[in-house]
Amino acid sequence: MSEALVEIDRVSKRFGDYTAVTETSFSIGQGEFLAIMGSSGCGKTTMLRMLAGLEEPSAGEIRLEGRSQKGLPPWGRDLPLVWQSLALFPFLSVLDNVGFGLKMRGVAKPERDRRSLAWLQKLELGEFASRNVMQLSGGQRQRVALARALVTEPKVLLLDEPLSALDAHLSVRMQALLRSLQRELGITFVYVTHSQTEAFSMADRVVIMSRGKVEQIGSPQAIYRHPANRFVAEFIGNVTILRGSVAEVGEQSVRLNTANGGMSVSRGNFAGSHGAQADFYVNADQIAIGDEPRHENHVRARFLSHKFIGNMVTLFLEVPGIDDDLKVILPERTYDCLGLQPGDSVVASWPAAAAHFFGGAA
Amino acid sequence: MMLRLGRWFGWAYTGYTFIFIMAPIVASLVFSFNADRFPSLPLQGFTTDWYGGTFTDPLVIESFQRSVMVSIPVALISTILGFCAAYCDFRFNFRGKSLFSLLMLLPPTIPAVIMGLGMLSYLSRIGLAGEIWAVLISHVVIALPFAMAMIRLRLAQMDSALEEASWNLRATPVQTLWYVVLPFCKQSLVAAFLITAAVSFDEFAVAWFVSGLNETVPVRVLVFLQGQVSPVINAIGTAVFTSSILLVAIGMAFSGMGKAKRAAADAPAQPACGTLVSNNGLSL
Chain W
1 MSEALVEIDR VSKRFGDYTA VTETSFSIGQ GEFLAIMGSS GCGKTTMLRM
51 LAGLEEPSAG EIRLEGRSQK GLPPWGRDLP LVWQSLALFP FLSVLDNVGF
101 GLKMRGVAKP ERDRRSLAWL QKLELGEFAS RNVMQLSGGQ RQRVALARAL
151 VTEPKVLLLD EPLSALDAHL SVRMQALLRS LQRELGITFV YVTHSQTEAF
201 SMADRVVIMS RGKVEQIGSP QAIYRHPANR FVAEFIGNVT ILRGSVAEVG
251 EQSVRLNTAN GGMSVSRGNF AGSHGAQADF YVNADQIAIG DEPRHENHVR
301 ARFLSHKFIG NMVTLFLEVP GIDDDLKVIL PERTYDCLGL QPGDSVVASW
351 PAAAAHFFGG AA
Chain Z
363 MMLRLGRWFG WAYTGYTFIF IMAPIVASLV FSFNADRFPS LPLQGFTTDW
413 YGGTFTDPLV IESFQRSVMV SIPVALISTI LGFCAAYCDF RFNFRGKSLF
463 SLLMLLPPTI PAVIMGLGML SYLSRIGLAG EIWAVLISHV VIALPFAMAM
513 IRLRLAQMDS ALEEASWNLR ATPVQTLWYV VLPFCKQSLV AAFLITAAVS
563 FDEFAVAWFV SGLNETVPVR VLVFLQGQVS PVINAIGTAV FTSSILLVAI
613 GMAFSGMGKA KRAAADAPAQ PACGTLVSNN GLSL
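Sequence order for the protein chains is W and Z. So the first sequence is numbered by the numbering used here: it starts at 1 and just counts up by one. So the second sequence is numbered by the numbering used here: it starts at 363 and just counts up by one.
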């Protein structure tokens, strides 16, 4: 990511009494793959529609290469969008669908067809050029929509949950295709999704939105390891949030008194003083399970249930004094060796380095 | 067993309904070729005299020409205005929109006699009563809702992202209308044209009020009937029925073609146009 290509500057969008986006600012770099993630109604699609000019911001400004986009209609912008419904033209052939944008730019038919066909071939659709789009499979249509948006060689491509209609297998293949295409073309992708898997597997940076506001912007790793606040922590769901009062602020770590005894948390840039209440979180994949404590922080817990995610297992433990379940992520083989049954009593322990304050990590 | 009985009953009932609807038309067709002057059984032998006599009668020929001359412009105007109204209703939100839609679809619910009287008193006030224009204007009023309903139904099947996608690819709203919306509606436009042509061609009551000396075919038939009971009526009836049903069938084929050619994603075309036509009926 180098200099900012797209700047979103204190943008708000209101629909009557409803505020979809509130004073949001961030910038998108040249050649960056940016994912905007959030649950439905968080304002992510509105944000994308404002970029495309389909909605005009109620306040603030969007700039592309430094130029304000204010008042520019969608047909005056060069920000093609790949739609969730694909929005292919059912009455046109595959080739004419792809060539539509070129036709509207006044490119003559032979040139138009040549460029469209080149894109279709690149996406392994060359043989379907003369077909009707309705005769294609879901994955093929997806690629037609992609070709239609890319044939005009835009600087930025907008994608609105393009993979949500595909089955898991196809979705993974499309993710790989999108990622390699983006690298190869070196253009900026702005990808809106509610899927953490999609966002984290493809994006350079992820914007997490909730109720019209940005909660956190960062690399997938940074968001995963260091959620900025309670919302992000709960949204990503890979940490357990605990609470305690500060007993002692040390060089490296902070000592807190919690409902489950004293615990050490990485200090980071924590600025609280003695006696203050503080939330902190523990990363689920850095907790050890056994009969004996293996690290300085430990709690006795009751094993409730588990859930497989690929070759990892998430365990849910009940700990007295904590409302939420304590989440622990283990490799599947480790989990097998433990031979746990629901109701078993275990000791969960973790080092101070696995626990952090919100916003405290550098 | 019960199931088979039920199915049998269903077929019988459907068959009975068809006989009920078709019998008078078939009778008219059969008697139009019957040599006997009076429509009675047994049949007296085959003849095409009635057709020959009818279609050399200048009054009949003129009325046919007039009907065609009216129904084609009526179909054209109704389809264009119907598209405009349907698109307005589809695309825009404005104050009084529900009133607009109600008024658009009102004419077929008004009794034909009332409509005819209203048209006559209005058109005579502006000096058009008895002119061919009067029939044309009245028929546009009657046919327009059919065109609008058919086209509106098609627009309802359009993904609203389709227009936005077109704008997004740098087509202006006017280009989008031309390159996206109209092609999407093409089959329903053809169907609307043919069916409004049929509506105009068959319409009797209002034409009877406003046409004056410019008789259309249905009006001419009534004039014949008032004078005499003649098999000529059967001949005209058969000809009018055949041409109307052809128009409707071609119209249906156009709207149905979309169904066959496009897969499930692009939903079927006008299932309602059959009902629309039978509402108006064949006025003979």
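Each residue gets a CB set at the ideal place from its N, CA and C atoms; glycine is no exception.
- [ ] Check the C-beta distance from Z:Ser425 over to Z:Arg532 and give it rounded, since I have them as a contact under 8 Å.
- [x] Their Cβ separation, rounded to whole angstroms, is 53 Å, which puts Z:Ser425 and Z:Arg532 out of contact at 8 Å.
Open item on the list: Is there a Cβ of chain W sitting closer than 8 Å to that of Z:Lys621, yes or no?
Closed with: Bear in mind that the predicted position of Z:Lys621 carries a pLDDT of just 47, short of 50, making it unreliable; the figure below should be weighed with that in mind. No, Z:Lys621 does not count as interfacial toward chain W.
Task: W:Glu61 to Z:Ile499 span [Cα, whole Å] - done: 52 Å
TODO: Within the same chain, show all residues whose beta-carbon is closer than 7 Å to that of Z:Gly407, passing over the 5 residues directly before and after it, in chain order.
DONE: Ala397
- [ ] Spell out a yes or no on whether the region 68 to 76 of chain W and the region 518 to 538 of chain Z are touching, meaning 3 or more CB-CB pairs, one atom from each, closer than 8 Å.
- [x] yes
TODO: Check each candidate in W:Gly138, W:Pro162 and W:Ser137 and name the one with the smallest Cα separation from W:Ala149.
DONE: W:Pro162
TODO: Quick one: list the residues of chain Z neighbouring W:Pro80, beta-carbon separation under 7 Å, in chain order.
DONE: Asn530 and Leu531
- [ ] Express the C-alpha separation of Z:Leu556 and Z:Pro435 in angstroms, rounding to a whole number.
- [x] 11 Å
TODO: Provide the residue span of the alpha helix (DSSP H) that contains W:Asp160, from first to last.
DONE: It is not in any alpha helix (DSSP H) - W:Asp160 instead sits in the beta strand (DSSP E) that spans Val156 to Asp160.
Task: Interface residues of chain W facing Z:Thr534 [CB-CB closer than 7 Å] - done: Trp75
Task: Z:Phe546: contacting residues in chain W (beta-carbon distance under 9 Å) - done: Phe89, Pro90 and Phe91
TODO: With W:Ala35 as the anchor, note down where its beta strand (DSSP E) starts and where it stops.
DONE: Phe33 to Met37
Open item on the list: Can you confirm whether Z:Val552, when its beta carbon is compared against all beta carbons of chain W, has any partner nearer than 8 Å?
Closed with: no
TODO: Could you tell me whether any Cβ in chain Z is nearer than 8 Å to the Cβ of W:Gly101?
DONE: yes
- [ ] Below 8 Å on the Cβ atoms is my guess for Z:Ile598 versus Z:Val422; work out the distance and round it to an integer in Å.
- [x] 7 Å
TODO: Hey, could you find the ends of the alpha helix (DSSP H) W:Arg143 is sitting in?
DONE: Gly138 to Leu150
Task: Contact under 8 Å by Cβ, W:Asp279 with W:Ile223 - done: no
Open item on the list: Less than 8 Å between CB atoms is the rule here; does W:Ser2 satisfy it with respect to chain Z?
Closed with: Here the model assigns W:Ser2 a pLDDT of 48, short of 50, so the residue's position is not dependable and the matter cannot be decided.
- [ ] Return the CA-CA distance between W:Leu178 and W:Gln221, expressed in angstroms with no decimal places.
- [x] 20 Å
Open item on the list: For W:Val151, which residues in the same chain have their Cβ closer than 8 Å to its Cβ, ignoring the five residues on either side in sequence?
Closed with: Val98, Gly99, Gly101, Leu102, Arg115, Ser116 and Trp119
- [ ] Check the Cβ of W:Ala20 against every Cβ in chain Z and list those closer than 7 Å, keeping chain order.
- [x] Within 7 Å Cβ-Cβ: nothing; W:Ala20 doesn't reach chain Z, min ~17 Å.
TODO: For W:Met367, name the three-state secondary structure that DSSP assigns.
DONE: As displayed, chain W neither begins before 1 nor continues past 362, which places residue 367 of chain W out of reach and without an answer.
TODO: Taking only the alpha-carbon atoms, compute the straight-line gap between W:Asn311 and W:Arg230 and give it to the nearest angstrom.
DONE: 27 Å
Task: Reduced DSSP secondary structure (H/G/I, E/B, other) of W:Asp9 - done: strand
Task: Terminal residues of the beta strand (DSSP E) in which W:Ala369 lies - done: A query on residue 369 of chain W cannot be resolved here, the shown segment of chain W reaching from 1 to 362 and no further.
TODO: Taking W:Leu367 as the query, report the chain Z residues whose CB atoms sit under 7 Å from its CB, ordered along the chain.
DONE: No information on residue 367 of chain W is available, as it lies outside the stretch 1 to 362 that chain W covers here.
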